[in-house]
Every structure is written in structure tokens, then in C-alpha cells.
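*Asks:* So in the numbering used here, the last spot in the sequence shown is 496, and the numbers never skip. Next up is a structure, given as C-alpha cells.
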Amino acid sequence: MSDIKIDNQSSLQSKNTVVDGDDHAANYQHVLELEKIGFAQSNQDAQHRVDLLVNASNNSFAAASTRLGQWHLIGHYLPQDIGSSILFFQHAAQLGDALAMVELAHIGLQSLSPNVSAEQGLEYLKQAVDLNHPEAIYASALHILENNADAALNLLIHNYQHNQHELSLKACIENSVFDQNIVIEKLEDLAQNDSFASALLAFQYFKQGNDKKAFKYAQKAQEQNDAYGCYVRALIEEKDPKGDPNVAYEFLMKAAQLGHIEASYWVGIQNLAKADGVRDEAEKIQLNKQACQFLQFAALHGHSAAKFSYGQCLRMGIGAEKNPEYGIQWLGQAAQQGNADAQFELAMLLNLDDPRHLPLLTAAAKNAHVQAMLCMAIHEQRQQQFVQAIQWLDLAQQANSARASYLLAQMYREGQGVESDLKYTVELLVKAADGGDVDAYFELYQAYSQGLGIRKNKKNAEKYLTLAQQNQHIQACAIA
17 MSDIKIDNQS
27 SLQSKNTVVD
37 GDDHAANYQH
47 VLELEKIGFA
57 QSNQDAQHRV
67 DLLVNASNNS
77 FAAASTRLGQ
87 WHLIGHYLPQ
97 DIGSSILFFQ
107 HAAQLGDALA
117 MVELAHIGLQ
127 SLSPNVSAEQ
137 GLEYLKQAVD
147 LNHPEAIYAS
157 ALHILENNAD
167 AALNLLIHNY
177 QHNQHELSLK
187 ACIENSVFDQ
197 NIVIEKLEDL
207 AQNDSFASAL
217 LAFQYFKQGN
227 DKKAFKYAQK
237 AQEQNDAYGC
247 YVRALIEEKD
257 PKGDPNVAYE
267 FLMKAAQLGH
277 IEASYWVGIQ
287 NLAKADGVRD
297 EAEKIQLNKQ
307 ACQFLQFAAL
317 HGHSAAKFSY
327 GQCLRMGIGA
337 EKNPEYGIQW
347 LGQAAQQGNA
357 DAQFELAMLL
367 NLDDPRHLPL
377 LTAAAKNAHV
387 QAMLCMAIHE
397 QRQQQFVQAI
407 QWLDLAQQAN
417 SARASYLLAQ
427 MYREGQGVES
437 DLKYTVELLV
447 KAADGGDVDA
457 YFELYQAYSQ
467 GLGIRKNKKN
477 AEKYLTLAQQ
487 NQHIQACAIA
């Protein structure tokens, strides 16, 4: 479709295109700079960014077509629609954009759409490799990994040496298919003159428990101001029983300041925690502000947990001007990436009858969010789906949820989805009480005082009544 214009009006729901001059490269860069600062905070701002790219795309600026394809793929400002993504990627690919070819290869090889077959995906990948695109070479190496590990390893090393593609070098230590002795040998050769290779080697030795070599290479990397090296040096200091937490924080901060995404996230989280324990209001404000800045940086670079935490900061006005609507946008981005905290938070912000509520809650529960599991159990219970409710409670109980043990005890007492079993009910209540569940304290008081599923025991009854009263259980406090 390189010889026709892309009509994107239906997906944009707009008949007007904003044109900021005819310098499409400048407009494209302008959009990228805006995205680095943050997501659009209004529909008008979002529409303006999309319109600039559509206008550039319609004038055969390939990179704009690729970006629009990516936005359609993830539902960023535009409806999530893989069909539209493919059209934009194909348009850019016909204009010679290698990244668009990589995106089409991914769609085909992952069988994401019947419109791009695996064979077509491979052909797109080959074209992008011929253009020496680092992402294409990386994807090609991973594609041949299982059938030819040696060739894949050599390709990844070559891609790093010639294109400085760091993910390629990381893949060498992250894939168990490779002989790690050979990988370490290659990394040691590279590490003689390469700080990132030193950092990776340090992390590999760190995972293996070889603290001496891990320290050697991490120290070398951080001395050369390698962000990853500083991050690994922080990990080593944290792990060392004799390590200094302040030194670990300093290396973490250095890594964050050098642009390490994971370090930026953890500096943000640690600064928020520090702010909670500070009495001086000016210091608290400064720590929260700094935390928000680091979380924003990590969020803008795709870190899902950072997106959730940054969104919460914006919603509550912690370290930044309060902006609930913009904060929820970030939660949505995190939820799309599978962040369970964001999925649960968004579900809780919606009314129970909102069609988005249950899918978000289910997704969070499937992603091991304990509170979401409990909510799903209660939902299934209300729907009389007792077997499913018990399954959710069992999963939550495996995650050490005292409340799950308490709710499960209720179902065994009432015989919901299972045969009534008072003895097992008491066992579950004891487990819940051991985890600090206040309702379980009171019910154990009743069980021991009345002999429900267990022999009467006045001493134990008094023990659990006292615990319930100390924790302000209403019924317990009413007993003299």
C-alpha cells in the first residue's frame, strides 16, 4: 500500500488532521520527545500526537507508520487492533523500514494473526537481517536457538560487538541452552575492554555464588561508570552479611542516575519508604519528589511495576501534583503489561456492574494477587459456584493468606462445595489465627468454649477471646 494514503479516520474518530508544517521528520521527533516526557494528559493532546504521525505516515514517512502500528498493537491512544497494526507495519516495510519488518516477523512467528503467516514472518525477518537491523539479528538468533545453539551464540556475540546490542549479550547468560562455561569464557575475553561485559560477567558470577569474582568484575564495571555494573555492585553489597546498606543504596543511586531502569525503580521505592519514616516535612517532600522522578523514568522505559507506583503517586499527589485521571492512565498501561497490582487497583476503582471489573479482577487473581483471589472466591461464592470459590481460596492459602484460611473454614463449616467438617474447620481457623486473622480468634473462642469441632478448653477459649478483644473485635469486646 505504499502508493495509497492510509485512511485512519475510523480508528481515530476524527475528521481533522492537525498539521504542524511539512517537516515530517521534525514532527515525528517532536512526538517522540513528548512521549519521553510522559503520556498525553488529555484526549486533545493524545489526538494531536496521533494526527502528527498520521500526517507523516500519509506522506510516506516510514518511521511514523511503524510507530502507529506499535500504538495500535498495544492500544496506546488508538484502539488495540492487530489488523490496523499490520497495515501500518506493511506500509512502513514497503518503504524499507527494518523495524516494521521485525514487528511483522514477530506477529508471524508468534502466530498472532492469520494475516501474517510464519513463512511470511521468516521472510520479513530475513529482509530486516539483510538490512543489519540489531533487533532483527537478535530475533534471528533466538529463532535458531533450539536447533543450532552454537550459531545462535556466535550471532548474539557478533550483534553485540558490531551493534552494541546489549539484549543480545544478556541473552547469552539468560538462556540455559547455551553452555555457560563457553559463555563465561567469551564474556571474560570481552570484559578486558568492555564495561558492560564486565557487569554481565559480575552478575553471572553473583548468581553462581562466586562472590569474589562477582565483586572483581562489578567493581571494574562501576569504576567505568557502567550503570549495570553499579546495579550489580549494589546487589553484592546487599547480599553480604557484613555489607553496608548505605553503600548499597549509593551504588543503586549511581546506577539509577546512569539510567539503569531496574535501579531507578528501586531507588524510587526506597525513597518512598524513607519519606514515610521522616519527620522533617521539607526532607519528606524532597524524598517523595525524587522518588516520583525515578519512578517516572523507569515507567517511561516500560517498567510495569514502576508504571503502577508512578500512577499511584500521581493519583495521591505524592512527589508530584495530584492528577488522578493521569495516574489511572499509568495504571492502565501497567495492567496491560500484566501487572497484578494495577489490575486489582483498577478493578477496585470500577463499580461491580462495570463490564471491565470482573475481567480485571480475574486477571489479577490469575497473576497471583492474593486480595484478588479472595475477591474472586467471594464472587464465586455469591454465584453459588462453591467449587471454584474453594479453588481460589486454596490458591490464596498457599500464598500464606490468613484470611483465605478463615474463609475456607466458613465453607467447610457450612458444607459449601464440600462435606461439612467441623474438625477441619477448627484446623483452618487455627491456621488463620496463627496468621493474625481477628475473626478467627473469635470463632476459636466459640469453638473452644462450646466444643464445636474440638474438645472444650476453657484456657484456650480465654486465650482467643483475649486476642480478639485486644484487636477490637466488636462481638468479643461486648463479652464481659
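Ideal Cβ positions, reconstructed from N, Cα and C, are used throughout, including at glycine. From a predicted model like this one, the values you see are computed outputs, not experimental measurements.
#1: Which class does F219 belong to by DSSP, given the choice of helix, strand or coil?
#2: Can you tell me whether V145 is buried or exposed? The criterion is at least 16 other CB atoms within 10 Å of its CB, across all chains shown.
#3: Have a look at S497 and G451 and give me their C-alpha separation to the nearest angstrom.
#4: Smallest Cα separation from E201: which of E182, I173, L161?
#5: Using a Cβ-Cβ cut-off of 6 Å (strictly less than) and excluding sequence neighbours within five positions of L171, which residues of its own chain qualify?
#6: Do D242 and S214 have their C-beta atoms closer together than 8 Å?
#7: Do you know offhand how far Q345's Cα is from L115's?
#8: I need the boundaries of the alpha helix (DSSP H) containing S417, first residue and last residue.
#9: For I22, which three-state DSSP category applies?
#10: Buried or exposed: Q276, going by 16 or more other Cβ atoms within 10 Å of its Cβ?
#11: Can you give me the C-alpha to C-alpha distance between A477 and I406, rounded to a whole angstrom?
#12: Got a sec, what are the start and stop residues for the alpha helix (DSSP H) Y480 sits in?
#13: Is L48 buried or exposed, if buried means 16 or more other CB atoms sit within 10 Å of its CB?
#14: Check whether the Cβ atoms of L303 and A291 sit closer than 8 Å, and answer yes or no.
#15: So the candidates are V403, A289, Y457; which of them puts its Cα closest to the Cα of Q491?
#16: Just to confirm the assignment, what range does the alpha helix (DSSP H) spanning Q126 have?
#17: Which first and last residues belong to the alpha helix (DSSP H) in which V263 is found?
#18: Check the C-beta distance from A336 over to F310 and give it rounded, since I have them as a contact under 8 Å.
#19: With distances taken Cα to Cα, identify the nearest neighbour of Q220 among K338, S192, L481, H122.
#20: For the alpha helix (DSSP H) holding P371, just list the boundary residues, first then last.
#21: Which value, in whole angstroms, describes the spacing of the CA atoms of T378 and L84?
#22: Report the rounded CA-to-CA distance for V10 versus W87, giving the unit in angstroms.
#23: Apart from the five residues on each side of it in sequence, which residues of its chain come closer than 6 Å, Cβ to Cβ, to R372?
#24: Please determine, among E361, H107, K300, the residue with the shortest C-alpha to C-alpha distance to Y140.
*Replies:* By the coordinates alone:
#1: helix
#2: buried
#3: Lying before the first or after the last residue shown, residue 497 is absent from the chain, which here runs from 17 to 496.
#4: I173
#5: A157
#6: yes
#7: 27 Å
#8: S417 -> no alpha helix (DSSP H), and no H or E assigned at all.
#9: With a pLDDT of 33 at I22, under the threshold of 50, the modelled position of that residue is not reliable, and the figure given next carries that caveat. Three-state result, I22: coil.
#10: A quick correction: the sequence has His, not Gln, at residue 276. Buried, since its Cβ has 16 or more Cβ neighbours within 10 Å.
#11: 28 Å
#12: 474-486
#13: exposed
#14: yes
#15: Y457
#16: Element bounds for Q126: n/a, residue is neither H nor E.
#17: 261-273
#18: About 12 Å; that fails the 8 Å criterion.
#19: S192
#20: Segment: none, P371 is in no alpha helix (DSSP H) and carries neither H nor E.
#21: 30 Å
#22: Outside the displayed range of the chain (17 to 496) lies residue 10, so it cannot be described from this structure.
#23: L366
#24: H107
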